[in-house]
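Chemist: In the numbering used here, the protein residues as written are 4 to 277.
C-beta atoms are modelled at their ideal positions from N, C-alpha and C, and glycine is treated no differently.
(1) Which one or two residues does DSSP pair with residue 144 in a beta bridge?
(2) Taking the alpha helix (DSSP H) that residue 161 belongs to, which residues open and close that run?
(3) In the DSSP assignment, the alpha helix (DSSP H) including residue 133 goes from what residue to what residue?
(4) Determine, using beta carbons only, whether residue 170 and residue 43 come nearer to each other than 8 Å.
(5) Using only CA atoms, which one of 173, 186, 209 and 208 lies nearest to residue 197?
(6) Would you please state the rounded distance, in angstroms, between the beta carbons of residue 29 and residue 15? I believe it to be under 8 Å.
(7) Candidates 20, 208, 21 and 48: which alpha carbon is nearest residue 31's?
(8) In angstroms, rounded to a whole number, what distance separates the CA positions of residue 182 and residue 254?
(9) Can you round the beta-carbon distance between residue 180 and residue 142 to whole angstroms, since I take them to be within the 8 Å contact cut?
(10) For residue 21, does the count of other Cβ atoms within 10 angstroms reach 16, so buried, or fall short, so exposed?
(11) Are the stretch 239–258 and the stretch 118–138 in contact at 8 Å, needing three or more beta carbon pairs?
(12) Give me, in chain order, the residues of the same chain whose beta-carbon lies closer than 6 Å to that of residue 76; leave out the 5 immediate sequence neighbours on both sides.
(13) Compute the Euclidean distance between the alpha carbons of residue 270 and residue 19, then round it to the nearest angstrom.
(14) Going by DSSP, what residue range makes up the alpha helix (DSSP H) through residue 31?
(15) When the Cα atoms are used, what is the spatial distance from residue 138 to residue 221?
(16) Could you give the DSSP three-state label for residue 249: helix, strand or coil?
(17) Taking buried to mean at least 16 other C-beta atoms within 10 Å of its own C-beta, is residue 250 buried or exposed?
(18) Short of 6 Å in beta carbon distance, which residues of its chain neighbour residue 9, apart from the five on each side in sequence? Order them along the chain.
(19) Relative to the alpha-carbon of residue 37, which residue among 12, 87 and 25 has its alpha-carbon at the smallest distance?
(20) In terms of residues, what are the limits of the alpha helix (DSSP H) holding residue 94?
(21) Sorted by chain position, which residues of the same chain lie with C-beta nearer than 7 Å to residue 113's C-beta, five sequence neighbours on each side aside?
(22) Suppose contacts are defined by Cβ-Cβ distances below 8 Å. Is residue 117 in contact with residue 167 by that definition?
(23) For residue 158 versus residue 232, is the C-beta distance shorter than 8 Å?
(24) Excluding the 5 residues flanking residue 205 on each side, which residues of the same chain have their C-beta closer than 6 Å to its C-beta?
(25) Under 6 Å Cβ to Cβ from residue 175, same chain only, skipping five residues before and after it: list those, please.
(26) Using 8 Å for Cβ pairs, my map puts residue 17 next to residue 234. What's the rounded Cβ distance?
(27) Can you say whether residue 80 is buried or exposed, counting buried as having 16 or more other CB atoms within 10 angstroms of its CB?
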């Protein structure tokens, strides 16, 4: 992989990570646009996501600092903000499903689940789910309404993003809408919930692949840096966008992309696995 190809993949990652369209699916597909087309791999995808997650940390720094401080103060028995401490515990609890399933299904995640037929099916299927949840959800609940039950449902929804095509934000936002949360609340909590999972997965893959074949460290760093810069801008635009419009454009896009991918696979223009 060249630095130019890595920059393009970083751009794709930054543009799609926070939208409910599945960044892992886009990276999986984008790898076929270059000479010697091939899957960038689950490890490369996880590492590059560190860049977009750093964008989340910078964008939501005040929220993260307040939640972390309140959680720590509660843990050591000091005076604290109960709502922020509660959010801290929910983020920890909600991260458990994706960690457990990620470790148990690691071989499947890196092989069979990256089959492009599966990716196409998830793009279409969860596009329909997102559309139904957005249309039928009550959209009245906000972060103070977040219960332990809701937090675990958010966590289980996030874990489904281990399958390319589901979308981390798409899965958690759909779950939030189905439970009656506003679009912006579901999106903001989705971003916060992803922080431990993405950093954990990214640094684990970075350590695991250190001495293995694959993209060089400098190439991966290029993609990660580009994804950070682009992702930071996308967060602000996306949060403003969903406060004024529905998720219908993303639903249409997901279904169209999934259909196009199925057509390309049927015509054998790209292989389902590489």
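Modeler: The short version:
(1) The residue given as residue 144 occupies position 141 in the chain shown. According to DSSP, residue 144 bridges with 184.
(2) Translated into positions along the chain shown, residue 161 becomes position 158. Element bounds for residue 161: 151–162.
(3) Residue 133 sits at position 130 when you count from the first residue of the chain shown. Secondary structure note for residue 133: its alpha helix (DSSP H) is the uninterrupted segment 119–139.
(4) Position 167 of the chain shown holds residue 170. Position 40 of the chain shown holds residue 43. No.
(5) Within the chain shown, the letter at position 194 stands for residue 197. Checking every option, the nearest Cα to that of residue 197 belongs to 173.
(6) The count along the chain shown starts at 1 and reaches residue 29 at position 26. The count along the chain shown starts at 1 and reaches residue 15 at position 12. Indeed, because the Cβ distance is near 5 Å, the residues count as touching under 8 Å.
(7) As a working note, residue 31 is residue 28 in the chain shown. It is 48 whose Cα lies nearest to the Cα of residue 31.
(8) The residue you call residue 182 lines up with position 179 of the chain shown. The residue you call residue 254 lines up with position 251 of the chain shown. When rounded, the distance between both Cα atoms is 19 Å.
(9) Counting from 1 along the chain shown, the entry for residue 180 is found at position 177. Counting from 1 along the chain shown, the entry for residue 142 is found at position 139. Rounded to the nearest angstrom, the Cβ distance from residue 180 to residue 142 is 7 Å, consistent with a contact under 8 Å.
(10) Residue mapping note: residue 21 aligns to position 18 of the chain shown, counting from 1. By the neighbour-count criterion, in which a residue is buried when 16 or more other Cβ atoms sit within 10 angstroms of its Cβ, residue 21 is buried.
(11) Yes, since at least three Cβ pairs between the stretch 239–258 and the stretch 118–138 fall closer than 8 Å, the two stretches touch.
(12) For the purposes of this step, residue 76 is taken as the residue at position 73 of the chain shown. Once the five neighbours on either side are set aside, the close Cβ partners of residue 76 are 83.
(13) The count along the chain shown starts at 1 and reaches residue 270 at position 267. The count along the chain shown starts at 1 and reaches residue 19 at position 16. When rounded, the distance between both Cα atoms is 26 Å.
(14) Looking up residue 31 in the chain shown gives position 28. Run containing residue 31: 26–33, per the alpha helix (DSSP H) assignment.
(15) What you label residue 138 is simply residue 135 of the chain shown in a count that begins at 1. What you label residue 221 is simply residue 218 of the chain shown in a count that begins at 1. Rounded to the nearest angstrom, the two C-alpha atoms are 44 Å apart.
(16) Residue mapping note: residue 249 aligns to position 246 of the chain shown, counting from 1. For residue 249, the three-state secondary structure derived from DSSP is coil.
(17) For the purposes of this step, residue 250 is taken as residue 247 along the chain shown, with counting starting at 1. Flag for residue 250 reads buried.
(18) Position 6 of the chain shown, counted from the start, is the residue given in the question as residue 9. Within its own chain, the residues whose Cβ lies closer than 6 Å to the Cβ of residue 9, once the five positions on either side in sequence are excluded, are 222, 225 and 226, listed in chain order.
(19) Stepping through the chain shown from its first residue, residue 37 is reached at position 34. For residue 37, the nearest C-alpha among the options comes from 12.
(20) Indexing the chain shown from 1 puts residue 94 at position 91. 85–107 is the span of the alpha helix (DSSP H), which, as asked, contains residue 94.
(21) Counting from 1 along the chain shown, the entry for residue 113 is found at position 110. Answer for residue 113: 45, listed in chain order.
(22) Locating residue 117 in the chain shown gives position 114, counting from the first residue. Locating residue 167 in the chain shown gives position 164, counting from the first residue. Yes. Within cutoff.
(23) Within the chain shown, residue 158 is the residue found at index 155, counting from 1. Within the chain shown, residue 232 is the residue found at index 229, counting from 1. Taking 8 Å as the Cβ cut-off, residue 158 and residue 232 do not qualify as a contacting pair.
(24) In the chain shown, the residue the question calls residue 205 occupies position 202. 49, 50, 52 and 53, listed in sequence order.
(25) The count along the chain shown starts at 1 and reaches residue 175 at position 172. Closer than 6 Å at Cβ, skipping near neighbours: 157, 160, 161 and 193.
(26) Translated into positions along the chain shown, residue 17 becomes position 14. Translated into positions along the chain shown, residue 234 becomes position 231. Correct: roughly 4 Å between the Cβ atoms.
(27) Position 77 of the chain shown, counting from 1, holds the residue named residue 80. Burial call: exposed.
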